[in-house]
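In what follows, a structure is listed as structure tokens, so that the remarks can point back to it.
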Amino acid sequence: MTHDAADENHMFDDRSQDRALAITRDNDNEDALLLQPEVPAALVFNGKSHTVMMTSPYDLEDFVIGFCLSEGIIENSRQIVITDVRSTLRGYVIEADLDEDCIDALTSRQRTLEGRSGCGLCGVQSLEAIPTEATRQVIPGNMPQNIVLAAIDALPEFQSRNKTGGGLLHASAFADANGTILLAREDIGRHNALDKVLGALARQNIDPVGGFILMTSRCSYEIVAKTVQCGIGGLVTLSGPTLTAVNLARQAGLTLICRERRGLFRRFA
């Protein structure tokens, strides 16, 4: 693909994906591959910059609402109004107004660095800003094996971008008590994918009680913390958990099921 000189001065633009040719190492055939973007998204609340997150530029309205909910900045989606989502040559800018009673929570979660796609805690200003205990208690999910496996089997059908983009994107989904996936979102960052699902649940007024989150990623601390913060009682991940994640899940009453190294699923909490 050719670019003129002006285009080469910018890493990001408003295209959702670039087509690239990947050459396999075992032959000379060229296979077309759709490369997925990873772009900075600046979150601006009440006219002030809060943080810059590296994210996939899809479902950004869901993302910002889910981010605010899972970070404990807002308690419900009525406390935030998205005023602008725009693409620039440097990335995306998402502007929103928060209720005045959310300002203290916003200040306590202020970030000083960009949030990288692989880490959900980047940029918090102090260790005190990171909760070391469960922020709330949840009603444990009742998740029989057949229900969990049904949701796992159905998940690939919701990963449309991942199919065409070389398998680089994480997926997060919400399944109801019957294991039926109600919605799913994709992102280069696992915590971003989860935030998008949490935001979509709030925007669509879906009651999460009785359902569970399904993630294609490992189970890390921030995945458990965000799930618990939004009052969801079940979490399933397709890779193993950290000790910190398991301890936090047990404190909160979260039902936690993860795939371990041997490929088996185990209930850790």
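Under this note's numbering, the final residue of the sequence shown carries the number 253; numbering is consecutive throughout.
Using N, Cα and C, we set each Cβ at its ideal position, and we do this for glycine too.
In this text, all values refer to a predicted model and were calculated from it rather than measured experimentally.
Buried versus exposed call for residue i [16 or more other C-beta atoms within 10 Å across all chains shown]
i, result
"serine 156", "buried"
"aspartate 88", "exposed"
"leucine 97", "Unreliable positioning characterises leucine 97 in this predicted model, as indicated by a pLDDT of 46, which lies under 50. The coordinate reading is nonetheless provided below. Its Cβ having fewer than 16 others within 10 Å, leucine 97 is exposed."
"valine 36", "buried"
"arginine 169", "buried"
"proline 140", "exposed"
"glycine 247", "exposed"
"glycine 31", "exposed"
CB of residue i within 9 Å of CB of residue j, strictly
i, j, result
"phenylalanine 196", "methionine 127", "yes"
"glutamate 79", "threonine 67", "yes"
"leucine 219", "isoleucine 241", "yes"
"leucine 198", "isoleucine 136", "yes"
"threonine 221", "tyrosine 205", "no"
Distance between residue j and residue i (C-alpha atoms, nearest Å)
i, j, result
"glutamine 109", "asparagine 130", "Low per-residue confidence applies at glutamine 109: pLDDT is 43, beneath 50, and the placement is therefore not dependable enough to give any value."
"phenylalanine 252", "glycine 151", "27 Å"
"threonine 39", "leucine 238", "27 Å"
"aspartate 171", "alanine 177", "5 Å"
"leucine 232", "serine 54", "15 Å"
"arginine 62", "aspartate 85", "12 Å"
"leucine 105", "arginine 250", "Low confidence applies here, because leucine 105 scores a pLDDT of 49, under 50, leaving its location unreliable; read the following figure in that light. Roughly 27 Å separates the two Cα atoms."
"phenylalanine 302", "glycine 183", "Residue 302 lies beyond the stretch modelled for the chain, which goes from -15 to 253, so this question has no answer here."
Bridge-paired residues (DSSP) for residue i
i, result
"glycine 218", "Thr239"
"lysine 285", "This structure cannot settle anything about residue 285, because the visible part of the chain is limited to -15 through 253."
"glutamate 206", "Beta-bridge pairing links glutamate 206 to no other residue."
"proline 128", "DSSP lists no partner for proline 128."
Whole-number beta carbon distance between residue j and residue i, since they are thought to touch under 8 Å
i, j, result
"arginine 174", "serine 201", "4 Å"
"glycine 75", "alanine 25", "6 Å"
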